[in-house]
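Engineer: Protein chains in written order, with our numbering: chain A, 4 to 191; chain B, 4 to 191. Think of the CB as a built atom: it goes at the ideal place given N, C-alpha and C, for glycine as much as any other residue.
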């Protein structure tokens, strides 16, 4: 697929066909992410694939519960804007997607967030080039129950950075609004 | 350009032709980065373009000095592996590139690192599609002198996340080694 087409047409997808994503395709996409640049070529991201919709609802409930607990302790958190969604028992943070890929990495690594951001971009482009849609569900990262973490295979020295839902889009939304770039200065 | 070609052939470029990058092309690339997804569509990255090689040497010296000061206080920092390079007065962290783009953003923003990682990936892909080479110079972000920060236009409430050098490649290195992806678990 032409790069400009992907660049211009990738969207955050939250509405999926009732169609599984073959594991072989997920593995191809994850293989592509290995080409992402990372600090000192550290390639710190590890992956967990979850293809069970019922289990995803359980993970959504766990993350919502923890975010609400956090808000009780500190009502000034950025997640405050999502409080009504978090309190709504009907809402699945993962939009009933057929698949979730968790990007995880070593807790103490200074570069993990930027490394993961770069790696997720590769994932999103590679998925788009295969006709798949993705969305980074930041609210879905707050899984803390030790039993659940063990069930899904998160090692105790790792943390979840990016929960990315994946599936075949049922509908593709219009592009969300973007402001012009803030170029603060040109030094010549 | 075909996406797969870009995906497979993007490299970290540290060897540049003696050829300026037109400002209009830099602006096009930065415009493309506005399409990157960011947390709650916050689009927090701001940009500073530096096209003066002498000034880049000054920024390199400033960052090296601060990294060495940090290492005296804490010899266990990840930058320890680069100490010899930092002590070598001949070495320019920015590889004498014709251009540096600084990605900066609000100091307190929780999502800034991942937002910036995603945005830089867009920058790198867009630059590659235009025949340009880039490299994220993590060591070059440690600019702290207030006069210099004011000269280059970094607001006091912002920090530098990603210094990205840009130019026309003089040579393209072989792909650096990558390990196979660590897929820890598939939950079905």
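Is it a yes or a no for the segment 164-176 of chain B touching the segment 126-140 of chain B, going by three-plus beta-carbon pairs under 8 Å?
Structural biologist: Cβ pair count under 8 Å is three or more, so yes.
Engineer: By a C-beta neighbour count over all protein chains shown, 10 Å radius and 16 as the cutoff for buried, is residue 47 (chain A) buried or exposed?
Structural biologist: So residue 47 (chain A) ends up on the buried side.
Engineer: According to the neighbour-count rule (16 or more other Cβ atoms, all chains shown, within 10 Å of its Cβ), is residue 8 (chain B) buried or exposed?
Structural biologist: Residue 8 (chain B) comes out exposed.
Engineer: Give every residue of the same chain whose Cβ lies closer than 6 Å to the Cβ of residue 22 (chain A), excluding the five residues on either side of it in the sequence, and list them in chain order.
Structural biologist: So the list reads 171, once near-sequence residues are dropped.
Engineer: Helix, strand or coil: how does DSSP classify residue 68 (chain B) here?
Structural biologist: Helix, per DSSP.
Engineer: Does the Cβ-Cβ distance between residue 165 (chain B) and residue 20 (chain B) come in under 7 Å?
Structural biologist: Going by C-beta atoms, residue 165 (chain B) is not nearer than 7 Å to residue 20 (chain B).
Engineer: If we require 4 or more residues per run, which alpha helix (DSSP H) segments fall completely within the segment 94-170 of chain A?
Structural biologist: Here the runs fully enclosed are 115-132, 149-155.
Engineer: For chain B, is any of its Cβ atoms less than 7 Å away from the one on residue 79 (chain A)?
Structural biologist: By this cut-off, residue 79 (chain A) is not an interface position.
Engineer: Would residue 4 (chain A) and residue 6 (chain B) be called neighbours here (beta carbons separated by less than 7 Å)?
Structural biologist: In contact: residue 4 (chain A) and residue 6 (chain B) (Cβ atoms closer than 7 Å).
Engineer: Along the segment 115-133 of chain A, what residues have a CB closer than 9 Å to any CB found in chain B?
Structural biologist: Answer set for the segment 115-133 of chain A: 115, 116, 117, 118, 119, 120, 121, 122, 123, 124, 125, 127, 128, 129, 131, 132.
Engineer: Check residue 187 (chain B) in the structure and name its three-state DSSP category.
Structural biologist: Residue 187 (chain B): strand per DSSP, three-state reduction.
Engineer: Quick one: what does DSSP say residue 15 (chain A) is sitting in, helix, strand or coil?
Structural biologist: In the structure shown, residue 15 (chain A) sits in a strand (DSSP, three-state: E or B).
Engineer: Can you tell me whether DSSP reads residue 49 (chain B) as helix, strand or coil?
Structural biologist: DSSP places residue 49 (chain B) in strand when its eight states are reduced to three.
Engineer: Return no unless some Cβ of chain B is closer than 7 Å to the Cβ of residue 184 (chain A).
Structural biologist: Residue 184 (chain A) counts as touching chain B.
Engineer: Examine chain C for any beta-carbon lying closer than 7 Å to the beta-carbon of residue 188 (chain A), and answer yes or no.
Structural biologist: Absence of chain C from the displayed structure is noted, the protein chains being A and B.
Engineer: DSSP on residue 81 (chain A), reduced to helix/strand/coil?
Structural biologist: Reduced to three states, the DSSP call for residue 81 (chain A) is helix.
Engineer: To the nearest angstrom, how far is it from the Cα of residue 191 (chain B) to the Cα of residue 49 (chain B)?
Structural biologist: Each residue's Cα considered, the two are about 42 Å apart.
Engineer: Within 10 Å of its beta-carbon, does residue 145 (chain B) have 16 or more other beta-carbons around it, so buried, or fewer, so exposed?
Structural biologist: With 16 or more Cβ atoms within 10 Å of its Cβ, residue 145 (chain B) is classed as buried.
Engineer: Does the distance from the C-beta atom of residue 14 (chain B) to that of residue 186 (chain B) stay below 7 Å?
Structural biologist: No, they are not a contact pair.
Engineer: Which residues in chain B sit within 8 Å of residue 60 (chain A), going by Cβ to Cβ distance?
Structural biologist: By Cβ distance, chain B contributes nothing, its closest Cβ being about 13 Å from residue 60 (chain A), past 8 Å.
Engineer: Report yes or no: do three or more beta-carbon pairs, one from the segment 77-93 of chain B and one from the segment 111-126 of chain B, lie closer than 8 Å?
Structural biologist: No contact exists between the segment 77-93 of chain B and the segment 111-126 of chain B.
Engineer: Using 7 Å as the limit for Cβ to Cβ distance, is residue 49 (chain A) near chain B?
Structural biologist: True, the Cβ-Cβ gap to chain B drops below 7 Å.
Engineer: Is it true that the segment 23-37 of chain B meets the segment 62-74 of chain A, where meeting means three or more beta-carbon pairs spaced less than 8 Å apart?
Structural biologist: No contact exists between the segment 23-37 of chain B and the segment 62-74 of chain A.
Engineer: Can you tell me which of B:64, B:108, B:154 puts its alpha carbon nearest to the alpha carbon of residue 98 (chain B)?
Structural biologist: Per the Cα distances, B:64.
Engineer: Is there a Cβ of chain B sitting closer than 7 Å to that of residue 6 (chain A), yes or no?
Structural biologist: At least one chain B Cβ lies under 7 Å of residue 6 (chain A).
Engineer: Tell me whether the beta-carbon of residue 52 (chain B) lies closer than 7 Å to the beta-carbon of residue 96 (chain B).
Structural biologist: No.
Engineer: Residue 41 (chain B) to residue 157 (chain B), Cα distance in whole Å?
Structural biologist: Those two C-alpha atoms are separated by around 21 Å.
Engineer: Can you find the residues in the same chain that come closer than 6 Å, C-beta to C-beta, to residue 94 (chain A), ignoring five residues on each side of it along the sequence?
Structural biologist: So the qualifying residues of the chain are 88.
Engineer: Under 8 Å Cβ-Cβ, which residues of chain B neighbour residue 191 (chain A)?
Structural biologist: The contacting residues are 54, 55.
Engineer: With 7 Å as the C-beta to C-beta threshold (strictly closer), list the residues of the segment 86-106 of chain B near chain A in chain order.
Structural biologist: Listed by position along the chain: nothing, the set is empty.
Engineer: Could you tell me which chain B residues have their CB closer than 8 Å to the CB of residue 136 (chain A), listed as they occur along the chain?
Structural biologist: Within chain B, no residue comes near residue 136 (chain A); the closest Cβ sits about 12 Å away, beyond 8 Å.
Engineer: Are residue 120 (chain A) and residue 143 (chain B) closer than 7 Å when you measure CB to CB?
Structural biologist: For residue 120 (chain A) and residue 143 (chain B), no; Cβs fall outside 7 Å.
Engineer: List, in order along the chain, the chain A residues whose C-beta lies closer than 9 Å to that of residue 22 (chain B)?
Structural biologist: Under the 9 Å cutoff, chain A gives no residues; its nearest Cβ is about 15 Å from residue 22 (chain B).
Engineer: Could you tell me which of A:122, A:155, A:62, A:74 sits nearest to residue 184 (chain B), measuring between CA atoms?
Structural biologist: The shortest Cα separation from residue 184 (chain B) among A:122, A:155, A:62, A:74 belongs to A:122.
Engineer: Excluding the five sequence neighbours on either side, which residues of its own chain have a C-beta within less than 6 Å of the C-beta of residue 155 (chain B), listed in chain order?
Structural biologist: So the qualifying residues of the chain are 51.
Engineer: Can the beta-carbon of residue 107 (chain A) be found less than 7 Å from the beta-carbon of residue 161 (chain A)?
Structural biologist: Result yes, Cβ atoms of residue 107 (chain A) and residue 161 (chain A) sit closer than 7 Å.
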